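Asks: Quick one: the structure is below, questions incoming.
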Amino acid sequence: MDFTPTDDRRMLTETLDRFLAAEYPVEHRMKIAYDLPCHDAGLWAQLAELGALGALLPEEAGGFGGAGFDVTTVFEALGRTLCPEPVLGALMALRLLQAAGQDATDVLEGTRRMALAVGEADGSPELDDIACTARDEGDGWRLSGRKSVVYGGPAAHAFLVAARNGDALGLWEVDAGAAEVAGYAMIDGGGAAELLLSDTRGRLVMADARAALEDALDWGRLALCAEAVGAMDRAHALTIDYLRTRKQFGRPIGAFQALQHRAVDMGIEIEQARSITIHAAGSMGTPGQSRAVSMAKSLIGRVGRQISEEAVQMHGGIAMTWEAAISHYAKRLVMIDHQLGDTDTHLARVMAAYAA
Amino acid sequence: MDFTPTDDRRMLTETLDRFLAAEYPVEHRMKIAYDLPCHDAGLWAQLAELGALGALLPEEAGGFGGAGFDVTTVFEALGRTLCPEPVLGALMALRLLQAAGQDATDVLEGTRRMALAVGEADGSPELDDIACTARDEGDGWRLSGRKSVVYGGPAAHAFLVAARNGDALGLWEVDAGAAEVAGYAMIDGGGAAELLLSDTRGRLVMADARAALEDALDWGRLALCAEAVGAMDRAHALTIDYLRTRKQFGRPIGAFQALQHRAVDMGIEIEQARSITIHAAGSMGTPGQSRAVSMAKSLIGRVGRQISEEAVQMHGGIAMTWEAAISHYAKRLVMIDHQLGDTDTHLARVMAAYAA
Amino acid sequence: MDIHYSADDLAFQAEVKAFLRDNLDAALAARVAAGAELTRAEMEGWHATLNARGWVAGHWPREAGGQGWGAVQRHIFDEECALANAPRIVPFGVNMLGPVLLAFGTPGQQAHYLPRILDDTDWWCQGYSEPGAGSDLASLRTRAVREGDDYVINGQKTWTTLGQHANRIFCLVRTATEGKPQEGISFILVDLDTPGIEMRPIRLIEGGYEVNEVFFTDVRVPVTNLVGKENQGWTIAKYLLGHERTSIVGVGFNLEAFERVRTMARNIRRGGRRLIEDPLFAARLAQIEIDLEALKLTNLRMLAAAEGKGQLGDAPSMLKIKGTVIRQALNDLARRALGPAAAPFPSEALEGNLALAAPEHAAAAADYFNNRKLSIFGGSNEIQRNIVAKGLLGA
Amino acid sequence: MDIHYSADDLAFQAEVKAFLRDNLDAALAARVAAGAELTRAEMEGWHATLNARGWVAGHWPREAGGQGWGAVQRHIFDEECALANAPRIVPFGVNMLGPVLLAFGTPGQQAHYLPRILDDTDWWCQGYSEPGAGSDLASLRTRAVREGDDYVINGQKTWTTLGQHANRIFCLVRTATEGKPQEGISFILVDLDTPGIEMRPIRLIEGGYEVNEVFFTDVRVPVTNLVGKENQGWTIAKYLLGHERTSIVGVGFNLEAFERVRTMARNIRRGGRRLIEDPLFAARLAQIEIDLEALKLTNLRMLAAAEGKGQLGDAPSMLKIKGTVIRQALNDLARRALGPAAAPFPSEALEGNLALAAPEHAAAAADYFNNRKLSIFGGSNEIQRNIVAKGLLGA
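Protein chains in written order, with this note's numbering: chain C, 1 to 356; chain W, 1001 to 1356; chain D, 2001 to 2395; chain B, 3001 to 3395.
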């Protein structure tokens, strides 16, 4: 039992924190986050160079990390600075390429960006509800259907698309140029896209991808939990700072006990969020992975909202403005619960085990 | 729209409050509440004389009240002093006798005490789950089965027993002497009993009693809500008083803002509890009765626990002692949720309408 | 005890319903339902429609151009308008300045300004808050210095809602620096055309524009624009905030928000069933419905108390807290209901076939973030708790 | 990063499990599980069983008769004991006075008292709280006045747990009235046989008897019974409270309570289905399970930090708050699970065929009420929040 980071991960944290603080300050972040393709190609190359992508895969797949704690190291750093770059899509795509035994060098080097197209318009998080179809036409595969809210879609060169081929759930690669891609910014920054497939050419990656998809989604959820923990830490620090400096009725508002106690409760819940994320990270690759990830994602959804709302309330009016950094942390912390299954979805998964 | 009580009800409130304060002080209450039959026959006669029973039925049934607000008037007063007398059982029995068109004079006059035996050992609040049976033997009916947690059972002269006769759910009267009655005190005071029927003689009261039973249970739930509101008011007043007088770190603990805000939140929820109880009382006898009662019972269960826990926490250690009145209010407020369907049961009833 | 409206009240309710049915444009109501930013013309049009009926300020006395509605009638009107998704009446003239002038204004001020509010000649906005003095009005620093027959105003106001459409602003300004901080405040009317005033938009958390900063540099205002006496502003401010607090509750808006979420949950399918059949979602919704049913009754108790038919202590503060908490919980549920589809920014980013949600639901996430303001403005919920605690504990 | 126990820790865990399997009587464990009040003989018997194995105070150093367990080993031992429903070790000697004597006692005090704790010759109880000075220890008023070689003690202590079984009490007493209130406090050992001491039972909310009031009237205690220096009591008290706070968390007890509720919900049928299939109940349970999983990890982080393998600020206070909230939530669920059957008082009111619940669940309501104490004693959760706030905000 040891909760100190390895030297490698501590160095990666320091490197990413320094880089993002310097190259992705809030003004730059705001420019990138809401303007398509919600992506800065130059910074992406540097992120790749610093190891933010390589850390996501193990050595045998071309990376230098690949454990749960490597992924959380990267995403906590991204969360601290609200970095809107499409690393989530890259992570899930990389995990699937690895599972398929395919070379991912160009993705790891940052020269090719990929996104995972799995969810559809009804917002269901269940793979069973996928309706997109793939058909073997002899000269290749054709895909039809619509993929919705594809994270990182506007910046992707290619998509990994989950589709149905009869009873099988497979995975195909579709070039961005071959499909209709309607990109948009998200309310909390960063890009997503609708992907419209209509007899669109695709290259078969895995014929039976169900297990690999669930696994990739688990990695994505773990990443979101870590990103939330990073964002919570900053939101809490901003709030504490505000409580210490902002004066009302002649004294710092942090002198008011009701706010003190709420700030403490925020801190307690953030430690719980950190703990459950560590638990999930340590459970990746074990039989308990899926349950641990659902526990984490459920807690993070609940606590993320609490931290967001409490941080805003304690900041008061200023938090209602675009100009204040806290407003953007608040949005991200709430909207993370809309990604890859919300707090109730994952609570229901935890509950499902009871009936057995 | 008028939320002032009528003169009659205001007088009843004053009469009962004065009587209970004088004749049922806390020391006497503690003696009665935990010693079988958990009932003081002399005081019961006086309660009847003062109108606490007559108010529960309309004039045509021999009473002088019978509206929702009459019932809440009586039970709020009982709640304020934690009176453990078996008025709840009397109310439900009286409503059923009225529905059956039977004379209830002796019950109203306090000379005969009756209790309703409906729930069974699995604790289900659903009439469909009743397993007790009644059989016509030619020379009269015989009942078999077990009725569980019969409120007011130890003091009852007779029971109204809900039982199954083939497909029908009927109601029979069983003399206390004819059945095996195992009485006990409840953790929050007052008596209940297990009623063991084994070919026990009963007199048919209603052959099809389903609707009348649901109605009587609704009246019982309304009464519990009002009792809770009365108890909450006292628990809040005790807490405010404690906050004003108890000193720690050199000042009254009510000077600490964190406790102030929580005391305010208690007050807000109590007003909500009062409002939903008024809503239910005003809906009795209308098509909205059952839904309004479920809304009230669900909110009361949730808020009753909150008031109980907060009152205890703000009192600190002293609230953990039998000697402190607040501990008994705390128990009653929590245990009301165990009677006639808890907060989740009634929430589920409210939800059931959505699916339609 | 009677929890129902009187026959007169029911007749009035029917009259309001009929009026709304006949006069409220369906397309406009749909835009209101969708949380769209209304155009100036839309807001003015609705104001004119109401004014033609004499209902734009029905709670004003008849001699001032109102209907003399009591608390119950006013509530019925507001609730029906909210349920019908009528545009919200811009409140600064009708609900804030109007009552202040009626209580504190000179006959001349009343005669001049009140009709201009009714016929929309004047669009008022408010200059209350300042940067660094949110809920703590006593600490405000905008100065008004008497020079001959003028005050000269310097300072800055913020959170001035819809100021971009206004031609006038009412302000709290500091006219004395001695004594207790709240004793040196005055209430003054300012023409926004006066030289030295600059209005700058504030972009809000969800990206919208509804509030402004207002800068005053040597702005000269005639002393006749003072309302009440010099240094009486604190009394007027408290009077006005009492009015505002009550109206923030907006039980009608809560009812409308509840119906909207229920409709969403009935229409949205997730994982092979309707969202309303998800027990966890339905339980959240049912709990809010119960709280809202109680709030409705608490509100009626407050209204009845105002007419001498009941009692309820500290009602406005308690209703403000609970009403905003419920509204925010409903906004939270609406946002959740959309799942991943809540993401696009702005909500119109995807239209037509590409849209991820029905137009009236597309802004659910934006509404959720915007309405975090409800527990902050009009005296934050913490301030309301302090007020109630003072009554409870003498603290 | 490694969230798992080391091989050594796992071996130790297996050793503890085996010991419990071989030495803990099933009937006794069932009584513990049922929340029964244990007899003095039962508590002493288990103490002796542990002492025979050298594990009654495993966290003491070897030279004092312990095993020198680190934080992780101690946690493993406590957790396994809790999961197995072993009687809780009476903590006043082993976990409170022992560490205090080891840190502040003279060699003579250590040599005399520590072995008597281990072999159960002395049953200690605590004299910390006073009526009117719950969480505010600095305001305590029990006086100890020096007279020759004695202190003469007058005053009153309360919340003295299991004092009815004890032969000795350690007390905080006031030995000076000048200076800051906390500077005049001393820590002293008192033989309960000393003339002038009276112990009176306090009946608790749920009807049980586990705590007492202790009255001191001219009680003479030799000055050699002082631990540490005169007026050093505040330092000792804080040291002791830090130990107590950590042990209140009792993650193991939470895990045991969770398993018990899950079992109840699987066995209880309500309305034609198992309670565990009720989505509202299951959702409450799952949310607590998740919180508890996180707490388990938070606790491990604290233990690792104690051994230099991680960091966690303000851990004891945070764990105390969250741990007690979770435990109380589990007690709440257990009580709910019983429905109407939770009513009988005392829980043994109905036995055999008449019993409404399995014996191990019958006291669910009583446990719920009794455990409201968890957020009050050992420094209330509000006091813990004040402590953490001070660190966060310098407040």
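Just so it is clear, CB atoms sit at the ideal spot from N, CA and C, and this is done for glycine as well.
Just so it is clear, the structure is predicted and the values come from calculations on it, not from any experiment.
Under 9 Å Cβ-Cβ, which residues of chain B neighbour residue 2280/D?
Replies: What residue 2280/D touches in chain B: 3279, 3280 and 3283.
Asks: Which runs of the alpha helix (DSSP H), 4 residues or longer, sit entirely within the stretch 59 to 96 of chain C?
Replies: 68 to 80
Asks: What beta strand (DSSP E) runs, 3 residues minimum, are completely inside the stretch 3136 to 3173 of chain B?
Replies: Complete beta strand (DSSP E) runs here, min 3: 3143 to 3147 and 3150 to 3157.
Asks: Mind checking who residue 2971/B pairs with in its DSSP beta bridge?
Replies: Coverage of chain B is limited to positions 3001 through 3395, which leaves residue 2971/B absent and any answer about it impossible.
Asks: For residue 2025/D, go through chain C and note every residue whose CB falls closer than 8 Å to its CB, in chain order.
Replies: Chain C residues near residue 2025/D: none, gap ~29 Å exceeds 8 Å.
Asks: Please classify residue 2178/D as buried or exposed, where buried requires at least 16 other C-beta atoms within 10 Å of its C-beta.
Replies: exposed
Asks: Tell me the DSSP secondary structure of residue 2051/D in three-state form.
Replies: Residue state for residue 2051/D is assigned as helix, using DSSP reduced to three classes.
Asks: Could you work out which residues of chain D lie near residue 1196/W, taking near to mean beta carbons separated by less than 8 Å?
Replies: Per Cβ cutoff of 8 Å: no residues; residue 1196/W is ~37 Å from chain D at best.
Asks: Which residues in the same chain have their Cβ closer than 6 Å to the Cβ of residue 1178/W, if we skip the five residues on either side of it in sequence?
Replies: 1200 and 1201
Asks: How would you call residue 1980/D, buried or exposed, if buried means at least 16 neighbouring beta carbons within 10 angstroms?
Replies: Since the first residue of chain D shown is 2001 and the last is 2395, residue 1980/D is not available in this structure.
Asks: What is the residue span of the beta strand (DSSP E) that residue 196/C lies within?
Replies: Element bounds for residue 196/C: 191 to 206.
Asks: Return the residue from the list 2290/D, 2043/D and 2160/D that minimises the CA-CA distance to residue 2378/D.
Replies: In this structure, 2160/D is the residue among 2290/D, 2043/D and 2160/D with its C-alpha nearest to the C-alpha of residue 2378/D.
Asks: Report buried or exposed for residue 3353/B, applying the criterion of at least 16 other Cβ atoms within 10 angstroms of its Cβ.
Replies: exposed
Asks: Taking the straight line between their C-alpha atoms, what separation do you get for residue 2004/D and residue 2266/D?
Replies: For the pair residue 2004/D and residue 2266/D, the Cα-to-Cα distance works out to about 30 Å.
Asks: Would the stretch 1056 to 1067 of chain W and the stretch 1159 to 1171 of chain W be scored as touching if the rule is three or more Cβ pairs under 8 Å?
Replies: no
Asks: Mind checking which residues open and close the alpha helix (DSSP H) that includes residue 3262/B?
Replies: That run of the alpha helix (DSSP H) goes 3251 to 3267.
Asks: Could you tell me which of 2049/D, 2142/D, 2313/D and 2121/D sits nearest to residue 2219/D, measuring between CA atoms?
Replies: 2142/D
Asks: Across the stretch 1085 to 1101 of chain W and the stretch 1112 to 1131 of chain W, are there enough close Cβ pairs to call them in contact, namely three or more that are closer than 8 Å?
Replies: yes
Asks: Determine the contact status of residue 16/C and residue 43/C, defining contact as a CB-CB distance below 8 Å.
Replies: no
Asks: Using a Cβ-Cβ distance under 8 Å, would residue 254/C count as near chain F?
Replies: As a matter of chain content, chain F is missing from the structure shown, whose protein chains are C, W, D and B.
Asks: Please name the residue or residues paired with residue 184/C in a DSSP beta bridge.
Replies: 192/C
Asks: Check each residue of the stretch 257 to 272 of chain C: if its Cβ is closer than 9 Å to any Cβ of chain W, include it; give the result in chain order.
Replies: 257, 258, 259, 260, 261 and 262
Asks: Can you list the residues of chain C that residue 3298/B reaches, using a CB-CB cut of under 7 Å?
Replies: 271, 272 and 275
Asks: Give the secondary structure of residue 3353/B by DSSP, where H, G and I count as helix, E and B as strand, and everything else as coil.
Replies: helix
Asks: Distance cutoff 8 Å, beta carbons only. Does residue 355/C sit that close to anything in chain B?
Replies: yes
Asks: Please confirm if the stretch 2024 to 2032 of chain D is in contact with the stretch 2051 to 2066 of chain D, defined as three or more CB-CB distances below 8 Å between the two stretches.
Replies: no
Asks: Quick one: give me the first and last residue of the alpha helix (DSSP H) that residue 2017/D is part of.
Replies: 2007 to 2023
Asks: Shorter than 8 Å from the beta carbon of residue 3340/B to some beta carbon of chain W?
Replies: yes
Asks: Pair every Cβ in the stretch 3382 to 3390 of chain B with every Cβ in the stretch 252 to 264 of chain C, then say whether three or more of these pairs are closer than 8 Å.
Replies: yes
Asks: Should residue 211/C go down as buried or exposed, given a rule of 16 or more other Cβ atoms within 10 Å for buried?
Replies: exposed
Asks: Just checking my contact of residue 1374/W with residue 1088/W at CB under 8 Å: how many whole Å lie between their CB atoms?
Replies: Nothing about residue 1374/W can be read from this structure; chain W reaches only from 1001 to 1356.
Asks: Could you name each continuous alpha helix (DSSP H) segment of 4 residues or more that falls completely within the stretch 2306 to 2372 of chain D, going from the start of the chain to the end?
Replies: 2315 to 2338 and 2364 to 2370
Asks: Does the beta carbon of residue 3349/B sit closer than 8 Å to a beta carbon anywhere in chain W?
Replies: yes
Asks: Applying a beta-carbon distance threshold of less than 9 Å, which residues of chain B neighbour residue 1338/W?
Replies: 3335, 3336, 3338, 3339, 3340, 3341, 3342, 3343 and 3365
Asks: Within its chain, find whatever has a CB closer than 7 Å to the CB of residue 1219/W; leave out the 5 residues flanking it on each side and keep chain order.
Replies: 1071, 1091, 1092 and 1095
Asks: When you compare only the Cα positions, how much space is there between residue 1335/W and residue 1225/W?
Replies: 12 Å
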